[in-house]
Structure formats: structure tokens, C-alpha cells
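A.B. asks:
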Amino acid sequence: MPKDVTDVICPFCGTLCDDVVVTVSDDNKTILSVKNACAIGAEKFNHQRLPGRVKRPRMRQPDGTYKEVSYDEAIDWTAKMLVKSRKTLMYGWASTSCQAMSIGHEIAEKVGGIVDNCATVCHGSSLIAIEDVGVPSCTLGEVKNRADRVIFWGCNPAHAHPRHMSRYSIFPRGFFTVKGHKGRKIYCVDCRYTDTAKCADTFIQVQQGFDYELLDAFRTAARGEALPDTVGGVPKEKIYEVVEELKGGRFGIIFFGMGLTHTMGRNHNIDEAICLTRDMNDFTKFVIMAMRGHWNVTGSGQVLGWQYGFPYAVDLSRRDQARHQTGETTSVDLLNRNEVEACFYIATDPGAHFPINAMISSSKKPTVTIDPHINCTTEISDVHIPVAMVGVEVGGCAYRMDNVPIETRKVVEPPEGMLTDEEVLTKINNRVDELLAKGGA
Amino acid sequence: MSEYIIKNGHVFDPVQGIKGDKKDIAVKDGKIVEKVSSSAKVIDAKDKTVMAGALEVHAHVAGPKVNAGRWYRPEDKHFDSHKKPGITRIEGGKSIPTVFKTGYEYARMGFTFAMEAAMPPLYARHVHEEIHDTPIIDEAALPVLGNNWFIMEYLKNNEVENTAAYISWLMRQTKGYGVKVVNPGGTEAWAWGLNCLTIHDPVPYFDITPAEIMTGLMTANEYLGLPHSMHVHQNDLGNPGNYKTTIETLQLAEGVKPKNTFGREQVMHSTHLQFHSYKGTNWGDFESAAKEVMDYVNKQKNITIDTGNVTLDETTTMTADGPFEHHLHGLNHLKWFNVDVELETAAGVVPYIYDPNISVCAKQWCIGLEIALMAKDPMRCFITTDHPNAGPFTRYPRVYSWLMSKKVRDERLNTFKNADKVIGATYLANIDREITLYELAQMTRAGPAKCLGLMKDYGGLKAGMNADIAIYDINPDKFPSDGPAIEKAFGNAAYLFKDGRICVEGGKVVDMGQKKTFWVDAKVPENKQVMHDVREKFLRYYSVNENNYPVPESYAPHQHIITVDATKA
Amino acid sequence: MANKITLNLITCRTIQQGVGMEAGKTSKKYFDACTIIHMHPEDFKKLGAWKNTNVKVTSSVGSVIVKAVETREDLVPGLAHIPMGPWANRIVPAYTFSTGEPCFKGFPVDVEVATNERIMGAIEVVQDACGLIRK
Amino acid sequence: METVTLTVKQVPDLYLECENVNPDAFAGKTAEQIAKMGAYQGKEISTLGEFFTIAGNAGATAADTKIVINGDCTKMKYIGAKMTAGEVVVNSACDMYTGSWMKGGKLTVNGDVHSFCALAMAGGEFTINGNAGNYLGAAYRGDWRGMSGGVLRVKGNAGSDVASFMTGGTMIIDGDVDIHLGTHMEGGKIILKGNANRRVGGQLVKGEIYVFGKINVMMPGYKPSGEVDLEVDGTKATFIDYTGDLGERHPKRKGATVYGHLFMKK
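Residue numbers (the numbering used here), protein chains in the order written: chain A, 1 to 441; chain B, 1 to 569; chain C, 1 to 135; chain D, 1 to 266.
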């Protein structure tokens, strides 16, 4: 008899919806259907049963083809690579559990790795900004229960966080927001008229790359100072009008995304948005939140935070200290500058998401990729170690975009003999210990 | 398990009333015993001081705001991240050490237990993840309840039983230890950008006052018979003139009787009292009110306090008192972190520099020391830095040196830039008292253990208690006269036994021990109303499902559950 | 016929790209979602191209072949969008301004019609650049 | 003053961390002792002697020590970092952190420097006879204390995020800069002889920026408040005085608000 697994956590985006219902086959091996998830989340669960999944590690042969090898062989190769390399990029972590990350960090500390997560090409800019000016924020339930002014700035939840608007930000009725959507004023600031913009009461079309100037104009307007006639293509009248509306609210929130983090000035755009938020607290209650992408990229920042004190780009290469300098110890910079000798990727696909010049640099170095599926990175790696899908075939702790920790659930069994991230990392850790005890690779 | 006998040491144990006498301490199977076999390993403690392991009664060492303070301050560890030789991991952070450094440093100073002072229930899993990764020391965490919607709604109608049932449910969900209150009502008001600065300010919408919240929680706490009392961070923290509110709050305990099986005698623990003992009307005429506050504390036996000593460092303030952090940011303009937590609480973080050249900071330093030095009963006054708010806990040895040597603290006092002004606004210059080793053992061992309801196992060296033992290179007959020597001795335990295992030797961590997580399972009669309310709130107002809220036991692999039974209350 | 126009390019997530990614990097869904460039109708006119024509997009770091399409998410003239993925990343400049973040949004590209050029597969487009395809 | 001459004999494969190459670390050491000082390349620790030929002994103190470095230093970090006195001359381009946390003495680089140089510089003279990278004279991540003292001169161009969180000292750039000059500045003086791309003085609290060339896009929070005749680094000219950033908080002194100033040469 098929059965329903309830309260399942969706391991796709930082919204970390926890109300998904997954129907699984009687033998716990196959996912039959998925309820409550968005299109992307449902696809992730469904991928579990797609044919053609790689079930054993593969190693690239001299002729460029891949040959299946045992887990032990792949793990031995990986451990030797790590022990030999003087500086290794250990990138990814955003799609695995906090428990797995911890083991990874232990390995990095022994072999001199640089641990970086997907924030590096995503909300890294936001983390820099928060390091610089802090961040007044809240949990998503606060937004649902209190917010009456909601701004989406350079983010497009309709595409990237599909259930965000219905669960937290636009439509839900909360304790002090009994009118739901009707009680909220929704603003969208973007260079495109996105599907999110279509849900907004007010759309402000900013010229691409002028967010910093526009945010500065908002702050200038909030202080009652003069403005030029237009800023970033937006007339000053509009800016004054919106600022007054925001001041008139009881609880305002700015959600922002890649439109700020990737655009010219990067961290400064967020920095200025945070400062605007801070200023608005002189008039009413205002908070701001990053729309974190990967479901557990926040978790990686948290674990690195409590173990080393930095949220990403943590350089343990000297083994006697932890360092962090965005622009130096960040993955793309390390690859651009050929600062590392080997690459270790886990739970990520830089091959698809890094600029090609960084990946060309990566492809010239010994590389191991640990990922459930074949992707653009596995196919330029020396070794691909497939693992169980975290959040589908194995549980583990994850952190939502508002840093709320939620335990993901196992809903089905992984393919027979398939190891989990935690198991693979533990084996690598043990093998590294053996090699180091013998004095190296 | 191995046996040890600690010989020839000067033992200070308030539990047995031993004041520096030479006494052998025997250890077997993790406990202190009357005697051990002849094969026991001998530890020579000649010319050394032997005490029980110390207990931290109030520190922010694990959880979301602590970690925010860590990762948003890379500058706090850019030149302060090192690996020491041996089995330890990399240790980083000055004002907010990483979890590894936290465990090691407490152990090196002779501590074996630390209470995380503020756990937002929705973030309990995070707190436990960090506790799990903190080596050696035992830990527990206090869920914050003073701005919780359930609590405010029940107490508005004086529903003590429902309040107690909810607390019981919440402690089980969060693996929590007791009842923490931070700026009652004020933090909920902060969700609208407001605050409650007196204990009679009504909480917006909830139609209840901070005084009613505290009285209700004290009653519920005793109804349940929890090991610890209500633990309160009062309203109006850190503002000149707040001492009146402080005394008024303490007065709420008058007539409330402790009811528990743990030997606890207080019904209210008022934390970091230094921040609440200010006279004056602004930062210009700001003065110490330590005398006024301590006169009250000394005569009111059912309250305990801790100091919150300013250590004169660059540090990171962090508290569930959201409006206070916003206020502080307005004063120093340094980076402000804030998170409001749905239905429960909030937290803020702001870096702060306690600059000895600024007289306000110097006065705060005086007030913290005055509170400890004016305390008549060292079993009710505990030394803290409200880590990291008044300074990092790693400065305890320095705080001890100021408390234990008038010479050392007067040297500091007299060299402040505005020494005359500081001395004129405080009492410290006229205080001659020096805390003795025995009093220190009361203030850092026996006292906090009793206050936390842990006196059966912690805080003393009596047979049957945990073999948590700190041995310091201090000869009581030749107590060091200079500050650095005192600091060195207290900062580098000659030995630390944790559950009968030597974890620190010669100031060096040699064993990770087997740390335990404590939590309290309070049994109450089945309460359908509360369970209905819980379901309702999760369905309608929380952003997570009820089934994803609890912290599973796997997060506390060596859990120690204290069970209380309030089913017949 | 103006054969080459210069546009300001951004790369962003789309829901189709997200679905395709979770279906698998080698899936048709992923290919269909990411091998496109969204352009404004006026820019189609300037380019002299029909909708759904293959174009060659060239930045300071390289070129890629994708299909030019119109989108329901309106752009302003002069602004173009390729969904994030290995195709977009063939032309994203890796320069980070020492922030760790490459130039994913807001860099100039030349677009020209390339009707007869083939669009590479997801893995091919990466392996090709890395010199891993044996000819 | 004693001179130690370092000549590169081996260019590192990765990057060499030269935190020991400064007068403070060398002081009181002979050439042999200097050769034995450590330098990291990733996790591998080697010695300065493996990478440099070292001639001459250091003086007794940092102030008595001059270091001259010849050969290719493009892959060497931290040269002259944290120096408090003495002199360093590098006849090559250098990598990151050159002269960072410098407190005194004189540092000259006859070539380009990469990013994060002169971070939180507090004193001394630092001259770059080439181009500088990003975050020149800025604060370390998270810190609100950038360059606070000393004089920094760049003969060529500088990158983005120059002088972020600057609180004091003087920075003179003969060439152009990219985006974000003097962001979050709270004191000190920047003289830019060339052009700036965009975002000059954003979120500036206090301090002065002089621009001889053009700014592509002015920040909206700046407003012209008149013209002044000034002599700036030897050049006499009329400047338009802009006050700002009006979007940012500003301190008050004796009841009057203190603004930052951006002087644009006419």
C-alpha cells in the first residue's frame, strides 16, 4: 500500500517549505506523487525515480571516458588528492546537511582546504554587506503576522521562490494581518517587469545597475533632502511618494535577491538597502531579508560561523588558523588566480553556475565531485562520487533563509548500496587520518 | 574507569565548609568518593588550590544571535584565530569565541558547566547544534518566555496552570532548562518599534504589563517546581536612572515561596545587575546605584543575582532585548543586527567598545565590581560578564584579580583618564573588601549550582558528587599580589577533572571528556486547552509546522534529563 | 540589415530553469529553459531577426549560441536576459571586483544572427571550453 | 640604516605569504637568520631562503632596517604588512596585502599592487609607482576602521572600493579609479587627479574628496554649495563644493551638522 509522508521539507530553495506531502511506494523505494510543493520542488522529488541514475563512483580514464569504481577506490583517490595538494578548494555544501558539513570542515582543517559555499556566487554580497553594517531582520512568520508594506527589490520569488508569496509575504492572513493581501501594499523594484512585479501594487522600474543610486535617493528623500529630477530612471516625485507610503506603514520589509547581489556594486547595493531599512526604523518598524537561494546555503554559513567565525570563504589552508577575505579566499577568485592545486566539490554544480574561465582553471586540476546526479561538474572531474539525495533519501539539519533551522526528512530509501554525504565524508576523513599517520600520501 | 587521589591540595569547598584545609580528594568512576584503592593515580596538589569545577550561570555561548555576532564580525578574529598544539581544533574570536574555543577556554579556567542564557524556542535546534559542537563542558539552555504570545495570553487571564502546561510542553520541544525572561513585554512591543521601559507599561495589544508577566511566570515556575527559578533580564536595561525599576522588579519576589526538590531557595534570579544599577538622568550625570540595589538584594533572601562585570574590552553586545540594541546602535552607530522571532521573542547584536578613557565605561566597570563587593551573601551573588555583553567570559581571571586584590583594582581605578570624576560617581574607591578564595568558590561554584538546582552533583567536592575538579597553581598562603599572576593562575588550571577524566593539564586541553546536555522534563496533567492552542497557533501563525518544531533527542547525544512531576501540584 | 547589435546582458533564474535543473542537467527541460536569450521586440527589429532564431552572443570572454526569444517578463530595449546556466556562463566575465561575485548581471554583449549554428548540450558546452572534447 | 637585499631566486607556484618580510620582523637578524624565517605556500611551510637570495644584515631595530627586494614578486602577499618603521623598496609588482596594517616607516613599490593593499593603514608613507587593485586603503571585512593615517600615493590607476571606511590620513591617486570611492568614509582626505567611474562618496559621513577629472554618475545625495579656490597637492584651482552624502547620517558639532565634502575641479 502506498503511504503518505507528511510535513516533508522541500530541499530546493531557502524558503524551505515544510508542509509537503510525499506518497511513497510500499517498499519505501519509489516516490509516487508529491503534494503542496512548487513545480521545482516537485521535480526534485520526482528526479529520485528517474532512470539512468549513477549508483557507483566513476573515475575518468586516460581516454576521457568514465569507468565505474568502488567507493573505497574513489575515497582513497580523494584522500590522497587532499593530502597531497598544498591548497584545496572545497566548494559547495549548500545542498547537504549541517551534520555532513561538520565532517567536511574537520577534513579541511587537516588537509588545508578552503571551505566555500554557494553564497560565493549568490548572496555572498549580502554577507559582505551584513559584515559591514549589520542587518535588522525577522523570521518569516513575523512578515506573515505583521507586515503591511512589502518590497521586493531585485528579486523574483514568482520564479525563484515560488511559494514564498503565498506562504509568507503577499497573500497569507496572519495575526495582525487578517485582511491578507488586501491589507498589504506590495512594491517591486526591478529592471524587468517580472512576474513578481505583476503581483505588486507599485512597480518601480530602475535602470539596470542603478539600484545603489536609487536606494541612496530613497534615504535622501526619507531625510527630507533635495533630489535630482530622476535617479536611475525613476522620477523624484515617485521616490518621495513611495518613501512617505513606507513611513506610513506599521511594519515594512524589504526582500532582495540577485538583482542586488549580482549587479554593479554588489555588496554596496545591499549595504545601502540595509541602511535604508535602518533609517526607516526612525519612523516605523522596518526589516530586511535576503532571499537565500539553495535550501541549505544558510546552514553552511551557520556551521562555518560557529566553528570558525566566518560565513563562507573560510581559508584553513595553513591548518593553524582560519582566515576569510572575500575576493581572495572566494572560489571564483581562487580559480581565476590559480591559487589552489586541487578542487573538491560537494553538493553543488559550479560547472553550470561559475563563469567558464573559472571552470577552465578548475578543469586543469585534480578534481573530485560528490553529487547525487551527473551534472556539468562531474563531467569535468577526475572522480564522481554519487550519494543519496539529502532531504529525500536521507535527513539532516537545514537552515531556512531567515536562519530558522528545520530538520529535513528522509522519505524514501536511496538506491541499494548508495552512501550518504555523511558516510562518504566520514570515510574520506578516516582515510586522510590513515595517510597522515603514515606521513602523507 | 581510572581512579585518582588528589593529595596535599588546599581545598575550598563551601558545600562541606572547607576553607583551604589540606584534604585529599578521591575520584572513582566519574564521582568523588570517600576512598580509592592503592592503585589510584596520585595527583600532587601541594601548594595548589583545589575547588569544584566552576559553573557559568549566565552567558551567551550558543545559538542564533551568538552566531550572528560571530560571523558578522570577521574583524573580531582576523588576527585572533590559532590552533594550539595537541588535540584541539582551531580556536577563533576575541569577544565571541567559536564553539571549540568556548569549550576549551571554559575548561582551561576550571569551568565544567555553562548555562546558555537565551534560547529562542523557534531556534532551539540551532542552540543545540552549537552545544553539541562545544567540547568538554556540560551545558543547558534557557528558553526565552517573557514575550511569548501563549504566555501573555494565559497570564492576562491569570491562567497559571495553562501557563505551566505550555512551559512544560515547550521545554520538551526545545530541550530547555528553565524560564528565561528578557525585557518582558518590551520585546513584543519592539515588533512594532516600541518598548516597555517600566514594569507597568502595557504591552501593545496583549493588555498585560511586564510586572504581571514576571509575577505569573514566577508562580508558574514554582507550580512546576523547576530546578531553576525564573531568570530575568529586567526592563530598562542600561539607562541612567533605571535602578528604581530594578528594585521595583526585585520586589515582585516578595512573598513568593520557592517550591522544589532541588534545594533551590530563590524564586527570581536577576541577571547582569550592573546594567540595572544606574542613577542619574543622562550619561553626563550618570552615577552608581550599586548601594541602593545591593541593600535591597542583601535583605531579600529569595532572590539571587549575577554581576555582569565590565571588562574594558572591545566586545559584542547581544540580547533578546531588541529595543535596547537598537537604542545602543543609535549611540555608537556600529553595525546593528536584529531578528524578531514570530510569536516568541527578538534579538539584537551591536559591537561595543568599553573604552577606559570614557568615564561612562569606567563607571560601569566600578558598578559591576561594587555589586560583587557589596554582596553580603556570596551564595546569592555570582560573577559573570554577561558574556559577551560586558566583556568576554575569557576575562574572568582578570575580573577575579580586581575582586580579590584591592591593590590591583585601585591601580586600574586610579589610572582612568577621568579618575576623579569616576571615583566621585561611584563607591568603589572606598571599598576595602577583597573576595577570598572561599568566597570565590561560593560565587562561582556552590552558589550557582544551588541557584540552578544542580547542587546534588555540582559545585562541591563531597563524596557522591560529580568529579568535576579544578586545581589552580595558587598557594593560598602566598596569594599572588600582582594582577597578571592571578590571571595566569585562574586562566590555566593545573588540572581540570571533568566527570573523573583529566581534561586540562598545565593549562592545556588533553581530553575532550564527554559533555552532557541538560534539559528538564516537567510532567503536568494532560491539558487539552493548551494542546488545542498549540495546534491552532501552528496552523495559523507560525511559519513552520508543529511536527517540524521539536528538537529531536539526537541533537543531545549525551543528554541528562531532569524530571519534575507537577501532576499533583 | 544590421547584423550585430550590442545589448546589456543579465542572467537570472527562471522557474523553467529551476524545474529543468532538478529534472537533470542533461534533461531536455533544462536545455529548453536555458539555451535562450530574452530580447525586447525592438531589439529583434534592430537585429533583423525573427523570433526563435539562433543567435551568437559574444562578450569580452567568449561566445555562445542560443535561441533568441521574446518573453512575458518585459525587458526594456537594450536589455537582454539569458537564464543562468552553463550557456550563460560561457560569456559571463569572471572578474569579481574582489568580492567573489562574477559579473552575472550587467555586461555588454554583441548579438548576431547565427541561424545555422548548433546549440551545444549542457555538458558539451562546458567540456568544449575546458578542452575535454576529443575531436 | 642597514640594508637587507632580497633577490627572488624562485617564483612560487602558488602564492607565497611573506608576512615576515618587513623591517619589524627582520630587525636584529643576520642574513642567515632571515633566510631561516618561515613563509607559507598553502599548507607547506618553507623558508625565505628558498625563495630569495639574501644579502646584508638588518639593523638593530625596525627603524634602522631597510629592505630592498628585486625580482618577480607578483605572487607574494603581505610584503611590508604591519610594518611600524624602517624602509622597504620593492622593485617589482606585488600581490595582496602589501603595506596593509602599516603603522609607520616608508614603503615603495616600483610596480603594480593587487587588491587589499594598505588595508587599515594607520601611518607612514606608502608609494605605489604603478597601478593599485581594489580595496586600496579600505577596512578589513566587517571593520568600520579603514585607513586612519599616513600618506598613500598611487602614480597609476586604482580599482574599485578604494578608501572604504577611511577615517583619516591622505590618499593621492594620480590616475583613475573604478566604482565606489570613499564609501562609508568618516574622515581623512582623498585626492583623485584622474576620473572616477561611479559612486563617489556614497554613504559618506565625514571627510573630503577632491576630484580633478570627471565622475561618470554623481550620487543623488550630493548638492552643490558654492565654489572655492583651493591649493590641492600643489595644484591651485577653483573647485565646486558639494556637500553630502545627504542620504547618510551626519554628526553634529556645537549644534551644527557636519557634512562631508566632494570638491570637483572646474
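We put the beta carbon where it would ideally sit given N, CA and C, even for glycine.
Using three-state DSSP, classify Y243 (chain B) as helix, strand or coil.
C.D. replies: The sequence position of residue 243 (chain B) within the second sequence is 243, counting from 1. Helix.
A.B. asks: Does the beta carbon of P311 (chain A) sit closer than 8 Å to a beta carbon anywhere in chain B?
C.D. replies: Translated into the one-based positions of the first sequence, residue 311 (chain A) becomes position 311. Yes, because at least one Cβ of chain B sits closer than 8 Å to the Cβ of P311 (chain A).
A.B. asks: Note down, in chain order, every chain C residue with its Cβ under 7 Å from the Cβ of T298 (chain A).
C.D. replies: Here residue 298 (chain A) corresponds to residue number 298 of the first sequence, with the count starting at 1. Neighbours of T298 (chain A) on chain C: none; closest Cβ ~17 Å, over 7 Å.
A.B. asks: Let me know the secondary structure DSSP gives G417 (chain A) once reduced to three states.
C.D. replies: Within the first sequence, numbered from 1, the residue matching residue 417 (chain A) stands at position 417. Reduced to three states, the DSSP call for G417 (chain A) is coil.
A.B. asks: Kindly provide the ranges of any alpha helix (DSSP H) runs that are 4 or more residues long and lie completely inside the region 345-418 of chain B, ordered along the chain.
C.D. replies: Entirely contained in the region 345-418 of chain B, the alpha helix (DSSP H) runs reaching 4 residues are, in chain order, 359-374, 396-404 and 406-414.
A.B. asks: S97 (chain A): buried (16+ other C-beta within 10 angstroms of its C-beta) or exposed?
C.D. replies: Residue mapping note: residue 97 (chain A) aligns to position 97 of the first sequence, counting from 1. Answer is buried; the Cβ neighbour count reaches 16.
A.B. asks: Quick one: which residues of the region 106-124 of chain C get their C-beta closer than 8 Å to a C-beta of chain G? List them in chain order.
C.D. replies: No chain G is present in this structure, whose protein chains are A, B, C and D.
A.B. asks: Less than 8 Å separating the beta-carbons of G63 (chain B) and V144 (chain B)?
C.D. replies: Locating residue 63 (chain B) in the second sequence gives position 63, where the first residue counts as 1. Locating residue 144 (chain B) in the second sequence gives position 144, where the first residue counts as 1. Not in contact: G63 (chain B) and V144 (chain B) (Cβ atoms no closer than 8 Å).
A.B. asks: Which parts of the region 5-59 of chain C are runs of the alpha helix (DSSP H), unbroken and 4 residues or longer, counting only runs that do not cross its ends?
C.D. replies: List check, alpha helix (DSSP H) in window: 15-23, 28-34 and 41-47.
A.B. asks: From the DSSP output, read off the bridge partner residues of C397 (chain A).
C.D. replies: Here residue 397 (chain A) refers to the residue found at position 397 when the first sequence is read from its first residue. Answer is A:E407, bridged to C397 (chain A).
A.B. asks: Establish whether the CB of S115 (chain D) and some CB of chain C are separated by less than 8 Å.
C.D. replies: Stepping through the fourth sequence from its first residue, residue 115 (chain D) is reached at position 115. It does; some Cβ of chain C falls within 8 Å.
A.B. asks: With a 10 Å radius around its C-beta and 16 neighbouring C-beta atoms as the bar for buried, classify Q10 (chain D) as buried or exposed.
C.D. replies: Mapped onto the fourth sequence, residue 10 (chain D) falls at position 10. It counts as exposed.
A.B. asks: Please compile the residues from chain C whose C-beta is within a distance smaller than 8 Å of the C-beta of Y135 (chain D).
C.D. replies: Sequence index remark: in the fourth sequence, residue 135 (chain D) carries index 135 (1-based). The answer, in chain order, is S98.
A.B. asks: Give the C-beta separation of T426 (chain B) and S288 (chain B) to the nearest angstrom, bearing in mind that I take them to be a contact with Cβ-Cβ under 8 Å.
C.D. replies: In the second sequence, the residue the question calls residue 426 (chain B) occupies position 426. In the second sequence, the residue the question calls residue 288 (chain B) occupies position 288. Sure, about 4 Å apart at Cβ, within 8 Å.
A.B. asks: Round the Cβ separation of I191 (chain D) and D233 (chain D) to the nearest angstrom and send it over; I've been treating them as touching at under 8 Å.
C.D. replies: Here the question's residue 191 (chain D) lines up with position 191 in the fourth sequence. Here the question's residue 233 (chain D) lines up with position 233 in the fourth sequence. Right, their Cβ atoms sit about 5 Å apart.
A.B. asks: Out of B:T174, B:V160, B:W169 and B:L155, point me to the one whose CA is closest to G185 (chain B)'s CA.
C.D. replies: As a first step, residue 185 (chain B) must be located in the second sequence, where it is residue number 185. Checking every option, the nearest Cα to that of G185 (chain B) belongs to B:L155.
A.B. asks: Quick check on R134 (chain C): buried or exposed, where buried means 16 or more other Cβ atoms within 10 Å of its Cβ?
C.D. replies: In the third sequence, residue 134 (chain C) corresponds to position 134, counting from 1. By the neighbour-count rule (16 or more Cβ atoms within 10 Å), R134 (chain C) is not buried but exposed.
A.B. asks: Please compile the residues from chain B whose C-beta is within a distance smaller than 7 Å of the C-beta of D178 (chain D).
C.D. replies: Residue mapping note: residue 178 (chain D) aligns to position 178 of the fourth sequence, counting from 1. Going along chain B, no residue has its Cβ under 7 Å from D178 (chain D), so there is no contact; the nearest lies around 24 Å.
A.B. asks: With which residues is N466 (chain B) paired in a DSSP beta bridge?
C.D. replies: Here residue 466 (chain B) corresponds to residue number 466 of the second sequence, with the count starting at 1. In the DSSP output, where bridge partners are listed per residue, N466 (chain B) has B:K31.
A.B. asks: Does the CB of R540 (chain B) have a neighbour CB from chain D at under 8 Å?
C.D. replies: Counting from 1 along the second sequence, the entry for residue 540 (chain B) is found at position 540. False, the Cβ-Cβ gap to chain D never drops below 8 Å.
A.B. asks: Step through the CB atoms of chain D and report whether any lies within less than 8 Å of the CB of G112 (chain A).
C.D. replies: To locate residue 112 (chain A), count along the first sequence from 1; it is residue 112. For G112 (chain A), the answer is yes, since a Cβ of chain D falls inside 8 Å of its Cβ.
A.B. asks: Quick check on S92 (chain D) - is its C-beta less than 8 Å from some C-beta in chain C?
C.D. replies: Against the fourth sequence, residue 92 (chain D) aligns to sequence position 92. Chain C, which has no Cβ nearer than 8 Å to the Cβ of S92 (chain D), makes this no.
A.B. asks: Which of the residues in the region 424-456 of chain B, read from start to end, lie with their CB under 9 Å from any CB of chain D?
C.D. replies: Residues: none.
A.B. asks: Determine whether the Cβ of G142 (chain D) lies closer than 8 Å to any Cβ atom of chain B.
C.D. replies: Numbered from 1 along the fourth sequence, position 142 holds the residue referred to as residue 142 (chain D). At least one chain B Cβ lies under 8 Å of G142 (chain D).
A.B. asks: Taking 8 Å as the CB-CB limit, is F71 (chain D) close to chain A?
C.D. replies: Within the fourth sequence, numbered from 1, the residue matching residue 71 (chain D) stands at position 71. Looking at the sequence shown, residue 71 (chain D) is not Phe but Gly. Answer no: the Cβ-Cβ gap between G71 (chain D) and chain A never drops below 8 Å.
A.B. asks: Which runs of the alpha helix (DSSP H) at least 4 residues long sit entirely within the region 307-352 of chain B? Give them in chain order.
C.D. replies: Counting only runs of 4 or more, we get 322-332.
A.B. asks: Would you list, in sequence order, the uninterrupted alpha helix (DSSP H) runs of no fewer than 4 residues that lie entirely inside the region 443-501 of chain B?
C.D. replies: The region 443-501 of chain B contains these whole alpha helix (DSSP H) runs: 447-451 and 483-491.
A.B. asks: Give the secondary structure of E117 (chain C) by DSSP, where H, G and I count as helix, E and B as strand, and everything else as coil.
C.D. replies: Translated into the one-based positions of the third sequence, residue 117 (chain C) becomes position 117. If DSSP states are grouped into helix, strand and coil, E117 (chain C) belongs with coil.
A.B. asks: If we count the other Cβ atoms within 10 Å of its Cβ and call it buried at 16 or more, is K35 (chain A) buried or exposed?
C.D. replies: On the first sequence, residue 35 (chain A) is found 35 positions in, with the first residue counted as 1. By the 10 Å Cβ count, K35 (chain A) comes out exposed.
A.B. asks: Is V34 (chain A) helix, strand or coil by DSSP?
C.D. replies: Start at 1 with the first residue of the first sequence, and residue 34 (chain A) comes out as number 34. Strand at V34 (chain A).
A.B. asks: G368 (chain B) versus chain A: which residues are under 8 Å apart at the beta carbon?
C.D. replies: For the purposes of this step, residue 368 (chain B) is taken as residue 368 along the second sequence, with counting starting at 1. Per Cβ cutoff of 8 Å: no residues; G368 (chain B) is ~26 Å from chain A at best.
A.B. asks: Rounded to the nearest angstrom, what separates I107 (chain A) and Q41 (chain D) at their Cα positions?
C.D. replies: Translated into the one-based positions of the first sequence, residue 107 (chain A) becomes position 107. Translated into the one-based positions of the fourth sequence, residue 41 (chain D) becomes position 41. Cα to Cα, the separation comes out at about 19 Å.
A.B. asks: For Q205 (chain A), which three-state DSSP category applies?
C.D. replies: On the first sequence, residue 205 (chain A) is found 205 positions in, with the first residue counted as 1. If DSSP states are grouped into helix, strand and coil, Q205 (chain A) belongs with the strands.
A.B. asks: Would you tell me roughly how many angstroms separate the C-alpha atoms of D216 (chain A) and T187 (chain B), rounded to the nearest one?
C.D. replies: The count along the first sequence starts at 1 and reaches residue 216 (chain A) at position 216. The count along the second sequence starts at 1 and reaches residue 187 (chain B) at position 187. Their Cα atoms are separated by approximately 30 Å.
A.B. asks: Residues in the same chain with beta-carbon distance under 8 Å from V242 (chain A), minus the five sequence neighbours each way, listed in chain order, please.
C.D. replies: Position 242 of the first sequence, counted from the start, is the residue given in the question as residue 242 (chain A). Hits under 8 Å: Y187, T202, I204 and F218.
A.B. asks: Would you list, in sequence order, the uninterrupted beta strand (DSSP E) runs of no fewer than 3 residues that lie entirely inside the region 100-186 of chain A?
C.D. replies: Runs found: 113-117, 134-138 and 149-153.
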